[in-house]
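Comments concern the structure below.
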Amino acid sequence: MTDTATATTRFGGLTTTREESAWQGPDEAPPEEPAAEDKPERAREIIFELAGVEVQYSGVTAVTGVTIEIAANEITAFIGPSGCGKTTVLRSLNRMHDITPGAEVLGKVTYHGQDLYGSKVDPAEVRRRIGMVFQKPNPFPKSVYDNVAYGPRINGTKRSEIDDRVERALNQAALWDEVHGKLRKSALALSGGQQQRLCIARCLAVEPDVILMDEPCSALDPIATARIEDLMDELKNQYTIVIVTHNMQQAARVSDRTAFFTAEVDDAGHRRGRLIEYDVTETIFTHPSDPRTEGYITGRFG
Amino acid sequence: MSATPVSLTQSARKGRRELKNVVATTLIVGSFLVALIPLTFIVIYVFQRGASILSWSFLTEDLPFSNRREGGGIYPAIIGTLVITGAATAMAVPLGILGGIYLNEYGGPGIFARIVRFLADVMTGVPSIVMGLFIYTIWVLPRKQSGLSGFAGALALGCLMLPIVIRTTEEILKLVPDELREGSYALGTRKAQTIRRVVFPSAAPGIISGALLGIARVAGETAPLLFTIGVVSVANFNVFEGSNTALPPQIYTNANTFGGFDAAQDRAWGMALALILIVFLFTLIARIVTTIYTRRSTAV
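Read top to bottom, the protein sequences are chains A and B.
In the working numbering, each residue's number is its place in the first sequence (first place is 1) plus 373.
In the working numbering, each residue's number is its place in the second sequence (first place is 1) plus 265.
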């Protein structure tokens, strides 16, 4: 059986025709892949634990009942219809809600066993370790170089090391070849796909442990999307990635585990998001245990 | 001609719509021209009357001892205008920019910020002569004769400038998209760093325009200087000590000289032209600096 055929059966009709299937099942991992050996050893190191997380905006619950564990060096996808709270949960992982007036995170979020919302925790330090890439590419109105160098400079990286750091980050983000001749040009002159990869490079330059991606490809064309998906696949060896996506095929292609959220309307008419199911991506897309998940992935609603 | 089921030609309403368009366009162009007329006339007239007086010696000589004498120059008034406006700018612009940053980035909808915003708006509405009287009362009077100085004038002008700078800074900062702030925070930066390195540089051209607006506004103010700076006929570079003079009050006194004394009238026109040129030159320089600064920081 070829990879493609495997993928097709696995996704039960939600075909992915890309040869490099995002996850490696034990049977299809190429023997020469080093990751296969140490896989059992470092398998499933849980870094995020969310227990009964609920996020409120000005006292109104936006999403509730989120209990999941996120493992290192995996790609975890959040899927679900609009307004189901995927982005809200994502932003609770690096305390981005702190800067939204009226937002409050209830329940417990731990990162490497530490309460992320503990009183002594410094949100800036949290965000330095847990970076974020946004839905809309948001490069600063500075040069390409200054965009990538921004994080290292702020964090006190030595002047002499910044050039290296910038080059490395741009290489990791698969952008170096396209921009190395125009590092002094404005980042705003790049194309949308390049801008998004620049934002990824900007995030990588800080050398975080986790990268949160909030629909990073929704503003991009399929070619730019494919590049960023390839990139995620490479990055997961070094980083933990959590991605919010509207695109189910994308979740199926790139992620190891998938959390499905949906929105429900209570008696008072408030719309709130809820986590329905969280499992290995393969299971979510082939044997979901909840009928709502099945309904969503087969396109019956949402 | 065969009847077609789908008509792509314009309907009967076309005529009315086009008429509206023509009327609106005419009104807009007309208003523009009407607004242009006084401006053009002022500039042309001031040039006509002032250009013949303007000369190197006019710009560099001391003021005549009395307005009723012929000859002399306007050098002390130019220096006075420069140092007084400069001192006012040095006080009001930094404070105003910081105030604007506070209102937009820290205060937000809070009660203290709302009070500051309200007071700034009230301050904008205070007539300039009242501001002059205010400074006269709290600064000049307690100091008797030594109270009259360029600094007292600068205080009055600064008070006029401050609310303009605060409010324009706040409005410009509102235009900086939150995505940029979030992008910066997501890299582990603190609020102050984000404001200094991302928010402020993005807004700098607009903020500088706002400051310029304030400077240009006060550079031509007469009333607040009339009873705060005194009068001298030789240049006084010291803002803090001794009486001073400036172009606007000199224009006022010369133009008002009893009996329409020709030499004083001419001097007033010359000073008016010099004032216009100074403000224009200053705006031009600030624009060039802003453009270079923006080019460098955005490197388009």
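Don't be surprised by glycine CBs; every beta carbon is placed ideally from N, CA and C.
For clarity, every value in this text was computed on a predicted model and none was experimentally measured.
In angstroms with no decimal places, state the Cα-to-Cα distance between residue i and residue j.
| i | j | result |
| --- | --- | --- |
| L577/A | V583/A | 10 angstroms |
| R333/B | G485/B | 24 angstroms |
| R538/A | F399/B | 57 angstroms |
| P510/A | E650/A | 30 angstroms |
| D536/A | N544/A | 12 angstroms |
| M621/A | L427/B | 55 angstroms |
| L347/B | E498/A | 48 angstroms |
| L542/B | A385/B | 30 angstroms |
| G351/B | H553/A | 44 angstroms |
| E607/A | S516/A | 26 angstroms |
| S455/A | I573/A | 24 angstroms |
| T635/A | V627/A | 21 angstroms |
| D652/A | E588/A | 20 angstroms |
| T555/B | P470/B | 6 angstroms |
| S331/B | G295/B | 46 angstroms |
| L585/A | E435/B | 32 angstroms |
| A564/B | L445/B | Low confidence applies here, because A564/B scores a pLDDT of 47, under 50, leaving its location unreliable and the question unanswered by this model. |
| M396/B | T290/B | 42 angstroms |
| L406/B | V433/A | 59 angstroms |
| L298/B | D550/A | 54 angstroms |
| I657/A | K609/A | 21 angstroms |
| T389/B | L425/B | 7 angstroms |
| I339/B | F502/B | 14 angstroms |
| L284/B | D443/B | 43 angstroms |
Is it right to say residue i is buried, meaning 16 or more other beta carbons lie within 10 angstroms of its own, or is it exposed?
| i | result |
| --- | --- |
| A300/B | exposed |
| T449/A | buried |
| I452/A | buried |
| S508/B | buried |
| S484/A | Here the sequence assigns Tyr to residue 484/A, which means Ser is not the residue at that position. Classification for Y484/A: buried. |
| F633/A | buried |
| E447/A | buried |
| I349/B | buried |
| P664/A | exposed |
| E676/A | This structure cannot settle anything about residue 676/A, because the visible part of chain A is limited to 374 through 675. |
| I553/B | exposed |
| K459/A | buried |
| L540/B | buried |
| T618/A | buried |
| V287/B | exposed |
| F507/A | buried |
| P661/A | buried |
| S492/A | exposed |
| A355/B | exposed |
| Q410/B | exposed |
| I596/A | exposed |
One question on the structure: do residue i and residue j come within less than 8 angstroms of each other, judged by their Cβ atoms?
| i | j | result |
| --- | --- | --- |
| G415/B | V496/B | no |
| L479/A | E427/A | yes |
| Y518/A | L548/A | no |
| R500/A | N467/A | yes |
| P489/B | I394/B | yes |
| E447/B | M469/A | yes |
| W534/B | I318/B | yes |
| G423/B | A357/B | yes |
| A424/A | K481/A | yes |
| A511/B | G412/B | no |
| Q581/A | R526/A | Correcting the residue identity first, residue 581/A is Pro in this sequence and not Gln. For P581/A and R526/A, no; Cβs fall outside 8 angstroms. |
| S474/B | V441/B | no |
| G524/A | R575/A | yes |
| P492/B | Y401/B | Before going on, a small fix: residue 492/B reads as Phe here, not Pro. Contact: yes. |
| A378/B | M536/B | no |
| E370/B | L438/B | yes |
| N521/B | R532/B | no |
| A625/A | T654/A | yes |
Problem - Sufficient close CB pairs (3 or more, under 8 angstroms) joining the stretch 448-455 of chain B to the stretch 309-327 of chain B - result: no
Handout entry: Three or more C-beta pairs below 8 angstroms linking the stretch 361-371 of chain B and the stretch 419-433 of chain B
Key = yes
Practice task
Taking a Cβ distance cut-off of 8 angstroms, strictly less, list which residues of the stretch 456-481 of chain B are near chain A, in chain order.
Solution key: Q458, R462, V463, P466 and S467
Exercise for the section: Count the C-beta pairs between the stretch 511-522 of chain A and the stretch 561-571 of chain A that are closer than 8 angstroms, then say yes if the count reaches three, no if not. Expected result: yes
Practice task
Check distances from the C-beta atoms of the stretch 561-584 of chain A to those of chain B and list, in chain order, the residues that come in under 9 angstroms.
Solution key: L561, A562, C572, R575, C576, A578, V579 and P581
Handout entry: Contact the stretch 472-482 of chain B vs the stretch 310-322 of chain B: 3+ CB pairs below 8 angstroms
Key = no
Handout entry: Three or more C-beta pairs below 8 angstroms linking the stretch 634-649 of chain A and the stretch 423-438 of chain A
Key = yes
Handout entry: Residues of the stretch 432-457 of chain B with Cβ closer than 8 angstroms to any Cβ of chain A, in chain order
Key = P442, E444, L445, R446, E447, G448, S449, Y450, A451, L452, G453, T454 and R455
Handout entry: Contacting positions in the stretch 532-562 of chain A - beta carbon closer than 8 angstroms to chain B
Key = R557, K558, S559, L561 and A562
Handout entry: Contact list for the stretch 504-529 of chain A against chain B, Cβ threshold 7 angstroms
Key = G504, M505, F507, K509, N511, F513, P514, K515, S516, Y523, G524, I527 and N528
Handout entry: Interfacial residues, the stretch 462-483 of chain A to chain B, with Cβ spacing under 8 angstroms
Key = N467, M469, I472 and P474
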